[in-house]
Every structure is written in structure tokens, then in C-alpha cells.
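Visitor: Shown below is the structure under consideration.
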Amino acid sequence: MQKAFFRNAVAAVVAFVLLMRRPSDFKTAKGNFLSLTVRSVAGVIGIILNFYAIDRLDIADASILNKLSPFFAIVFSFIILREKPSVVEWLAVVVAFGGAMFVVRPSFGGDIVPSLCGFGGGLAAGLAYAFVRRASANGAARNLIIFVFSAFSSVVLLPFMLAQFKPMEWWQLLYLLLAGASAAGGQIFITMAYSKAPAKEISVFDYSIVIFAAVLGFFVLGQIPDALSYVGYAIIISAAVAIWLYHMMRDKRSKRAEARSVVNDGSDEMPTDSRTDDSDGTEPEKNFGTDK
28 MQKAFFRNAV AAVVAFVLLM RRPSDFKTAK GNFLSLTVRS VAGVIGIILN
78 FYAIDRLDIA DASILNKLSP FFAIVFSFII LREKPSVVEW LAVVVAFGGA
128 MFVVRPSFGG DIVPSLCGFG GGLAAGLAYA FVRRASANGA ARNLIIFVFS
178 AFSSVVLLPF MLAQFKPMEW WQLLYLLLAG ASAAGGQIFI TMAYSKAPAK
228 EISVFDYSIV IFAAVLGFFV LGQIPDALSY VGYAIIISAA VAIWLYHMMR
278 DKRSKRAEAR SVVNDGSDEM PTDSRTDDSD GTEPEKNFGT DK
């Protein structure tokens with residue numbers, strides 16, 4: 028709880044400073060109370076579960092389980108946002124969950140609890156990302172979404188942190204502040220990404236964390252995942268890459284078909300894509316609070 032609090036408190040301060048640059052973004056909260064609340068509750072549950080898993084698993088294992096969140100986001104986007112994944116996308120979700128089993132390695136012993144927490148953290152994060160997209164589509168500014176979540180989680184975590192507080196050395200405090208700064212940067216970019224495009228189109232880029240976690244886990248913590256974990260990593264990341272390639276190929280086919288349609292209609296103008304900035308066709312400066 029102490030680590031989770033610092034991670035979110037620093038992010039809350041950074042988000043507040045950014046939000047103060049554009050106070051008008053506060054107005055975009057109107058009509059988004061439910062989305063922001065569910066996003067915040069799911070987010071803080073996901074963080075607690077993820078930190079629990081990180082403390083008890085190899086950092087690469089905990090990271091790959093948390094990175095099931097984009098696949099959960101596809102499922103929740105279908106349920107909540109009525110975005111309809113294709114057969115290929117549903118198949119990738121099934122494959123990814125199958126890969127997670129190599130990392131979790133289900134058993135009836137107590138040692139499965141950290142893995143289940145990592146899995147649950149990914150589920151909660153996927154639900155949070157779906158509501159990030161819903162709030163963004165309804166006009167909520169990016170910095171507002173980040174601030175509400177970070178402030179909400181800090182308030183929720185504060186009593187638990189105080190109840191279990193452990194005195195820290197200066198270098199431990201420095202590490203926690205750096206972790207919070209990194210989290211703030213991650214929140215800004217991931218919220219920007221999920222506010223501007225469907226989860227199914229951008230999820231592959233989120234998997235670089237597994238590579239960084241494995242490398243840093245080895246050099247900093249001396250952790251070496253076992254062979255089954257690597258099999259699970261490969262399956263999950265391959266599923267993510269397959270979805271990404273599927274969308275790239277589908278977009279190219281769509282553009283070629285549109286170009287042929289224009290030629291057949293005798294038009295001299297090439298088609299333009301009015302939805303380049305956002306999959307919902309909205310202007311990002313107006314709806315998502317991005318700077319020009």
C-alpha cells in the first residue's frame with residue numbers, strides 16, 4: 028500500500044499541474060461521473076493486485092499477466108462500448124488467455140495466489156481502459172481522467188498506507204518518487220492512446236513492457252523466469268502481434284477498395300480520411316484536451 032500510494036500521489040500532482048494549464052478541462056467531467064468512477068475503482072483495484080503480484084513473482088511474470096489488460100479491454104469494449112471484435116480478435120483473446128496459463132500454472136496450492144492476483148490486475152486494468160475510452164468519447168479531457176484516477180486512488184490508499192507505514196531510507200523515498208514520476212508518464216501516454224483509438228488497434232505497443240521488465244529484472248534483481256514462463260510470454264505477445272497485423276492488413280484493403288470505388292465513380296479526388304485523429308471522428312483538441 029505504501030508503494031502504491033506514492034506511485035499514485037506523484038501522478039496526481041503531475042496531472043493536477045497539467046490540468047491547471049487548461050482549467051476548462053474540468054467542465055468535461057459533466058456527464059462522465061459514472062465512467063470516471065468505474066475507471067478509478069477498477070484502476071485502484073488493478074494497481075493493488077499488480078503490486079501484490081510484483082512483490083511475490085518474477086517481475087516479468089507479473090508484467091505479462093498485467094499485460095493481459097488489452098485483451099480484457101477488447102472483451103469489455105464489446106460489452107460496454109458495443110465495439111464488435113472480429114473472429115480473429117476473439118481467437119487472439121482465447122490464445123492469449125491460454126498463454127497466461129503457462130505463466131500462472133494453475134494448481135491447488137497457495138502459491139497460485141500471486142499469479143491469480145496478477146491475472147486479476149490485468150482484468151481490472153482492462154475494465155478501466157474500456158471506461159477511459161468511454162469517458163474520452165464523451166468528451167472527458169485526458170488530463171482530467173488521469174487526475175481523477177490518481178487523486179481517487181491516493182485518497183483510498185492513504186489510510187492503508189498510514190496503518191502499515193514503514194520508515195524509509197532516503198534512497199527508498201527516491202525510488203518511490205521516481206516510480207511515481209514514471210507512472211505519471213505512463214498514465215499520460217496510455218490514456219492518450221486509449222482515448223484516440225480502439226483498444227484492439229493499439230494494444231500491441233503496450234507489450235514492450237515485458238521486454239523491459241525481463242531485462243531489468245535480470246540485471247537489477249537477478250531474476251530469471253523459467254522455460255514455461257517464456258513459452259507463455261511468446262504466446263501472449265504473438266497473439267497481440269497477430270491482432271496488430273490483422274488490423275494493418277484490413278486497413279490497407281479498405282483503403283485500396285475505397286480508392287477503386289472513387290476511380291470507378293469517375294472522381295478526380297482521392298479519398299481523405301476524416302477520422303485520422305480519432306476513431307470516433309471527433310476533434311482531439313476539443314474532446315480530449317490535447318495541446319495543439
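The opening residue of the sequence shown carries number 28 in the numbering used here; numbering runs sequentially from there. All C-beta atoms in this analysis are idealised placements derived from N, C-alpha and C, irrespective of residue type, glycine included.
1. Does the distance from the CB of L39 to the CB of I263 come in under 9 Å?
2. Counting beta carbon pairs with one atom in the region 100-108 and one in the region 240-254, are three or more of them shorter than 8 Å?
3. Quick test of the definition: if touching needs 3 or more C-beta pairs under 8 Å, does the region 66-73 touch the region 175-188?
4. Can you find at least 3 beta carbon pairs, one from the region 84-95 and one from the region 138-149, that sit closer than 8 Å?
5. Hey, would you say V130 sits closer than 9 Å to I139, going by beta carbons?
6. Quick one: what's got a C-beta closer than 7 Å to G58's C-beta in the same chain, skipping five residues either side?
7. How close, in whole Å, do the beta carbons of R160 and S104 come, if the pair is a contact with beta carbons under 8 Å?
8. Suppose you measure from the CA of F174 to the CA of F216; what does that come to, to the nearest Å?
9. How about P141 and Y202: are their beta carbons less than 9 Å apart?
10. Taking all protein chains shown into account, decide if R109 is buried (16 or more other Cβ within 10 angstroms of its Cβ) or exposed.
11. Just mark V41 as buried or exposed, buried being the case when its beta carbon has 16 or more other beta carbons within 10 Å.
12. Do A167 and G73 have their C-beta atoms closer together than 9 Å?
13. On a CA-only basis, which of I107, V120, F192 and R83 is nearest F32? Give me that one, please.
14. Please go through the same chain and pick out, in chain order, the residues whose beta-carbon is closer than 7 Å to the beta-carbon of F240, but skip the five residues on each side of it.
15. Where do the N-terminal and C-terminal ends of the alpha helix (DSSP H) with Y260 fall, by residue?
16. Compare the beta carbon distance of L95 and A119 with 9 Å and say whether it is the shorter of the two.
17. Taking A152 as the reference, which of A208, W117, Q214 and G125 has the closest Cα?
18. Between T218 and the rest of its own chain, which residues show a CB-CB distance below 7 Å, the 5 nearest in sequence each way excluded?
19. Cα-Cα, which of P252, I251, A224 and Y260 is closest to S235?
20. Tell me the residue span of the alpha helix (DSSP H) that contains A190.
21. Only counting the same chain, and skipping five residues up and downstream in sequence, which positions put a Cβ closer than 6 Å to that of N35?
22. Would you call the CB atoms of V44 and A210 closer than 9 Å?
Guide: Based on what the coordinates show:
1. If you number the sequence shown from 1, residue 39 lands on position 12. If you number the sequence shown from 1, residue 263 lands on position 236. For clarity, residue 39 is Ala in the given sequence; the question names Leu instead. Contact: no.
2. no
3. yes
4. yes
5. Numbered from its first residue, the sequence shown carries residue 130 at position 103. Numbered from its first residue, the sequence shown carries residue 139 at position 112. The answer is no: Cβ separation not under 9 Å.
6. Taking the sequence shown and counting its residues from 1, the one referred to as residue 58 is at position 31. N165, listed in sequence order.
7. The sequence position of residue 160 within the sequence shown is 133, counting from 1. The sequence position of residue 104 within the sequence shown is 77, counting from 1. Their Cβ separation, rounded to whole angstroms, is 7 Å, which keeps R160 and S104 in contact under 8 Å.
8. By 1-based counting over the sequence shown, the position of residue 174 is 147. By 1-based counting over the sequence shown, the position of residue 216 is 189. Roughly 13 Å separates the two Cα atoms.
9. Start at 1 with the first residue of the sequence shown, and residue 141 comes out as number 114. Start at 1 with the first residue of the sequence shown, and residue 202 comes out as number 175. Not closer than 9 Å, so no.
10. Counting from one through the sequence shown, the residue named residue 109 turns up at place 82. R109 comes out exposed.
11. For this step, residue 41 is matched to residue 14 along the sequence shown. Flag for V41 reads buried.
12. Mapped onto the sequence shown, residue 167 falls at position 140. Mapped onto the sequence shown, residue 73 falls at position 46. No, the Cβ-Cβ distance between A167 and G73 is not below 9 Å.
13. Within the sequence shown, residue 32 is the residue found at index 5, counting from 1. If we check each option's Cα against that of F32, F192 comes out closest.
14. Start at 1 with the first residue of the sequence shown, and residue 240 comes out as number 213. This sequence places Ala at residue 240; Phe is not what is there. Cβ within range, chain order: I86, A87 and S90.
15. Here residue 260 refers to the residue found at position 233 of the sequence shown. Its alpha helix (DSSP H) spans residues A254 to N291.
16. Here residue 95 refers to the residue found at position 68 of the sequence shown. Here residue 119 refers to the residue found at position 92 of the sequence shown. No, the Cβ-Cβ distance between L95 and A119 is not below 9 Å.
17. The residue given as residue 152 occupies position 125 in the sequence shown. The shortest C-alpha separation from A152 is found at Q214.
18. Counting from one through the sequence shown, the residue named residue 218 turns up at place 191. Once the five neighbours on either side are set aside, the close Cβ partners of T218 are V159, R169, I172 and I173.
19. On the sequence shown, position 208 is the one that residue 235 refers to. The shortest Cα separation from S235 among P252, I251, A224 and Y260 belongs to Y260.
20. Start at 1 with the first residue of the sequence shown, and residue 190 comes out as number 163. Run containing A190: R169 to A190, per the alpha helix (DSSP H) assignment.
21. Taking the first residue of the sequence shown as 1, we reach residue 35 at position 8. If we look at N35 and ignore the five residues flanking it on each side, its Cβ neighbours are S177, S180 and S181.
22. Locating residue 44 in the sequence shown gives position 17, counting from the first residue. Locating residue 210 in the sequence shown gives position 183, counting from the first residue. The answer is no: Cβ separation not under 9 Å.
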